[in-house]
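Residue numbers (the numbering used here): 42 to 260. Ideal Cβ positions, reconstructed from N, Cα and C, are used throughout, including at glycine. Only one structure is covered here, and it is reproduced in the block below.
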Ligand code: AP5
Ligand code: MG
């Protein structure tokens, strides 16, 4: 199954994606995570992306589309994939359709996490990520066993560079302006499914499971 997970910043896309990846054995492709890796490695793409990410703006379509085009050529996407944070503009969505149609594929389902803005801000301000492996935590909702230490690899937990108030406010604004209109794009194709993402992580995942079961019943 070829899936997209959508929703505003802090909606829980990454948190759900980690569980979906494990359960359904499909790669989790997050453009945000790919850019963060590129920034860490100080590549040309990373240096360029940083300028936009630090301001909460979108990285230019041309750069982002090429990154995804290349990633979707990898062998591990043969039996399905989960895209998180891409597409974010109509131009990216059209490019994705084109990339997939060239290899006889399409997006099967778009899962949209619906979460109110006050909750987004609480989630983002309390998020901590492992500096080494990228595992995500929350200071209240998903605490590590030992404070400030990653359960998975023992790495140090830090705040994401773009999780400061000014950047978050702009990320949310950019989401409503540029990305939210994409929901109509997928609704028109009849593949959009909205789910309530305001409950606990496990509760939201139960809705995802239901979508996957229903999709399997149809095949
Ligand atoms: P990206 O990394 O995609 O960030 P985002 O969309 O802003 O979303 P987040 O990762 O902040 O939130 P999430 O929904 O994954 O939430 P999470 O699960 O972590 O993009 C970053 C930047 O890269 C962009 O601003 C842009 O500049 C650039 N970029 C990326 N893709 C691009 C593209 N296609 N085009 C152009 N530019 C692009 O959860 C958040 C917190 O809440 C965590 O602490 C978690 O533990 C907690 N939490 C999650 N779910 C729950 C729950 N159900 N209950 C309680 N707590 C929860
Ligand atoms: Mg994320």
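Hey, which unbroken runs of the alpha helix (DSSP H) at 4 residues or more fall wholly within the segment 140-209? 158-166
Alpha helix (DSSP H) containing residue 76: first to last residue? 72-81
When you compare the segment 163-179 with the segment 125-143, are there three or more beta-carbon pairs, one atom per stretch, that lie closer than 8 Å? no
Take every Cβ of the segment 148-162, pair it with every Cβ of the segment 207-227, and state whether three or more of those distances are shorter than 8 Å. yes
Would you call the segment 196-208 in contact with the segment 87-95, where contact means no fewer than 3 C-beta pairs closer than 8 Å? yes
Once DSSP output is grouped into helix, strand and coil, what is the label at residue 7? This structure does not reach residue 7, given that the chain is present from 42 up to 260, and the question cannot be answered.
Please confirm whether residue 149 and residue 43 have their CB atoms less than 8 Å apart. yes
Could you tell me if the beta carbon of residue 55 falls within a distance shorter than 7 Å of some heavy atom in ligand 2? yes
Please work out which residues of its chain come closer than 7 Å, Cβ to Cβ, to residue 213, disregarding the five sequence neighbours upstream and downstream, and give them in chain order. 49, 50, 158 and 161
If we call anything under 8 Å between Cβ atoms a contact, is residue 133 one with residue 105? yes
Measuring from the CB of residue 258, is there a heavy atom of ligand 3 at a distance below 7 Å? Absent from the structure shown: ligand 3. Ligands present: ligand 1 and ligand 2.
With the cut-off set at 8 Å, would you say residue 53 and residue 180 are in Cβ contact? no
Residue 194 versus 209, 177 and 146, residue with shortest Cα-Cα distance: 177
Excluding five sequence neighbours on each side, which residues of the same chain lie with their C-beta closer than 7 Å to the C-beta of residue 235? 153 and 155
Counting pairs of beta carbons, one from the segment 182-194 and one from the segment 64-79, are three or more of them closer than 8 Å? no
Locate the beta strand (DSSP E) running through residue 46, then write down its first and last residues. 43-47
Kindly indicate which three-state DSSP category residue 99 falls into: helix, strand or coil? coil
Please report the straight-line C-alpha distance between residue 199 and residue 258, rounded to a whole angstrom. 42 Å
Is residue 113 near residue 86, with beta carbons less than 8 Å apart? no
Which value, in whole angstroms, describes the spacing of the CA atoms of residue 163 and residue 82? 30 Å
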